[in-house]
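Going by the working numbering, the first residue of the sequence shown is number -8, and it counts up by one from there.
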Amino acid sequence: MSAPLKPSEIQKARELIASASRIVITTHKSPDGDAIGSSLALWNLLRAAGKHAVVIVPDELPEFLKWMHGAKEIMVHQRARQETEKRIAESDLVFMLDYNHLSRTGALEPVLREHKAPFILIDHHRQPEEFPAVVYSDTAQCSTAQMIYKFMVWMDWKQHLDRHSGECIYCGIMTDSGSFRFPSVTPETHHIVAHLVEHGVDHAYVHRMVHDNNREERIRLIGYALGHKLEVMDDCSTAIISLSEEELQRFNHQPGDTEGLVNQALSISHVNLAAFFRESGEEVRVSFRSKGSFDVNRLARESWNGGGHFNASGGSTREKLDEALTRFRREIRLQANQIRQS
Ligand code: 5GP
Ligand code: MN
């Protein structure tokens, strides 16, 4: 649903920020370019507006996002439990960015759920929680970073936009829109990005830092996954890639290394549904992508404890990797017609 903030909500957000002295910005587990881009964009803008804020993430961010201004100041809950929990307990305003349900923050959920300060939610996924004081939820937006740009305008912070905050917004929009190719990109997206470039953002630099910054091991892992682990179910127009913990360790897997792999599987011309299964400790993480009319948000919600968007979603299961794959193949065969025709 498309829903800009109402004037009364804008006023409320302004008041909350004006009266806050210790602001915490949070985002989801396994943070991606939009999660970190939107969080650091807001962090930079708040600082420029004279406000003190800290970004707290549940777990480690990928190396290819550490170039953004402020990334070194990010606190990771998994690495610094006591200190991050203290910061949250002492905060008087909490932002929830690029997620809309506290369960997406993993071990941070109980800490945030108990905290009594007001929350401001800015996010583009479906079905947001309703407890925050301000909910800016709009599923028509290509990225949370784009929503931060609009929030910046509503907060009267346009004069604070500079290269640093601009690069973070650009990075969030670019990564969540598949470099401006998904249907969620609108003329407004291009206007915003043009404005960022006018304010000193070097777009070629951002693309290079995100896309041309790989470790050799990562490229070899992707080569292995595509060469040896890609399974195409032609009769279901579906492609699957799976990686066990042992395989990931063989290539010294780091956070973010398999980002985008599922899109490679989806790029096969007759494939309309792609799935990526990754063993991770006690659970198996799943990523789904689709082309056209097959709803992977529903698929993730109904049988993989997850959610997301119509054409991109994710989830997890406590099954063994082989069991999860067997169940997925069975599930997909039942929907083969829908997938083929989507
Ligand atoms: P990815 O496959 O890149 O991890 O996630 C794709 C999309 O699905 C993202 O928009 C992400 O927010 C959403 N998503 C991924 N995992 C989960 C999950 O476990 N629960 C929910 N609700 N959404 C998820
Ligand atoms: Mn996003």
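The beta carbon of each residue, even a glycine, is placed where N, CA and C say it ideally should be.
Heavy atom of the ligand 5GP within 7 Å of residue i beta-carbon
| i | result |
| --- | --- |
| D23 | yes |
| G306 | yes |
| S278 | yes |
| L244 | Note that residue 244 corresponds to His in the displayed sequence, not to Leu. No, since every heavy atom of the ligand 5GP falls outside the 7 Å radius drawn around the Cβ of H244. |
| T95 | Reading off the sequence, residue 95 comes out as Arg, not Thr. Correct: R95 has its Cβ closer than 7 Å to the ligand 5GP. |
| G247 | no |
| A266 | no |
| A303 | yes |
| G298 | yes |
| H19 | yes |
Near the ligand MN: residue i beta-carbon under 7 Å from a heavy atom
| i | result |
| --- | --- |
| T135 | yes |
| D129 | no |
| D147 | no |
| H115 | yes |
| D50 | no |
| D89 | yes |
| D167 | yes |
Residue range of the alpha helix (DSSP H) that includes residue i
| i | result |
| --- | --- |
| G306 | Taken as a continuous stretch (DSSP letters only), G306 belongs to no alpha helix (DSSP H), being part of the beta strand (DSSP E) at 303 to 308. |
| A195 | 194 to 202 |
| I213 | 207 to 219 |
| L160 | The sequence as given places Ile at residue 160; Leu does not occur at that position. Element bounds for I160: 154 to 167. |
| L56 | That residue, L56, is in no alpha helix (DSSP H); it is neither H nor E in DSSP. |
| D313 | 312 to 325 |
| R289 | 287 to 294 |
| D25 | 24 to 39 |
| I183 | 178 to 189 |
| Q255 | 252 to 257 |
Bounding residues of the beta strand (DSSP E) (the contiguous stretch that carries residue i)
| i | result |
| --- | --- |
| S233 | 229 to 234 |
| Y127 | 125 to 128 |
| V277 | 274 to 281 |
| D50 | Looking at the DSSP string, D50 is not in any beta strand (DSSP E), and its letter there is neither H nor E. |
| R13 | No beta strand (DSSP E) contains R13, which DSSP labels as neither H nor E. |
| L264 | 264 to 271 |
| F142 | That residue, F142, is in no beta strand (DSSP E); its alpha helix (DSSP H) goes 135 to 145. |
| L112 | 110 to 114 |
Length of the line joining the Cα atoms of residue i and residue j
| i | j | result |
| --- | --- | --- |
| A258 | D23 | It should be noted that the sequence gives Ser, not Ala, for residue 258. Distance between the alpha carbons of S258 and D23: 21 Å. |
| G298 | S281 | 13 Å |
| I1 | A(-6) | 13 Å |
| P246 | L(-4) | 34 Å |
| I8 | F122 | 18 Å |
| A98 | D50 | 9 Å |
| I160 | S304 | 22 Å |
| I323 | P119 | 28 Å |
| L37 | I65 | 15 Å |
| Q137 | F171 | 12 Å |
| Y196 | H202 | 10 Å |
| V262 | N302 | 13 Å |
| M224 | S29 | 37 Å |
| A291 | S94 | 15 Å |
| E310 | E274 | 7 Å |
| N204 | Q329 | 38 Å |
| D226 | A256 | 15 Å |
| V192 | I210 | 28 Å |
| Y140 | R276 | 31 Å |
| H60 | L212 | 29 Å |
| E71 | P178 | Checking the displayed sequence, the identity of residue 71 turns out to be Ala instead of Glu. Taking the straight line from one Cα to the other gives about 42 Å. |
| R13 | R117 | 29 Å |
| L325 | G218 | 28 Å |
| K220 | G214 | 10 Å |
| D286 | V46 | 33 Å |
| M200 | V102 | 34 Å |
| A80 | K107 | 8 Å |
| S(-1) | H151 | 23 Å |
| E74 | N296 | 30 Å |
| V126 | M165 | 24 Å |
| D153 | L33 | 12 Å |
Closer than 7 Å: residue i CB and nearest the ligand SAM heavy atom
| i | result |
| --- | --- |
| G218 | The ligand content of the structure shown is limited to the ligand 5GP and the ligand MN, which means the ligand SAM is not among them. |
I want to know whether the stretch 11 to 24 touches the stretch 74 to 94 - three or more CB-CB distances under 8 Å. Because the criterion of three Cβ pairs below 8 Å is met, the stretch 11 to 24 and the stretch 74 to 94 touch.
At least three beta-carbon pairs within less than 8 Å, the stretch 99 to 113 to the stretch 66 to 85: Segment contact: the stretch 99 to 113 against the stretch 66 to 85, three or more CB-CB distances shorter than 8 Å; contact assigned.
Counting only runs that start and end within the stretch 72 to 105, where is the alpha helix (DSSP H) found for 4 or more residues in a row? As far as the stretch 72 to 105 is concerned, its whole alpha helix (DSSP H) runs of at least 4 residues are 72 to 81, 100 to 105.
Assess, as a yes-or-no matter, whether the stretch 238 to 252 is touched by the stretch 54 to 70 under the definition of 3 or more beta carbon pairs within less than 8 Å. Because the criterion of three Cβ pairs below 8 Å is met, the stretch 54 to 70 and the stretch 238 to 252 touch.
Within the chosen definition, does the stretch 258 to 274 reach the stretch 313 to 322 through at least 3 CB pairs nearer than 8 Å? Taking a contact to require three or more Cβ pairs closer than 8 Å, the stretch 258 to 274 and the stretch 313 to 322 qualify as touching.
Stretch-stretch touch, CB-based, cutoff 8 Å, three pairs: the stretch 151 to 158 with the stretch 184 to 192: The stretch 151 to 158 is in contact with the stretch 184 to 192.
Is the stretch 229 to 239 close to the stretch 269 to 279, with three or more CB pairs under 8 Å? Counting Cβ pairs under 8 Å, three or more are found: they touch.
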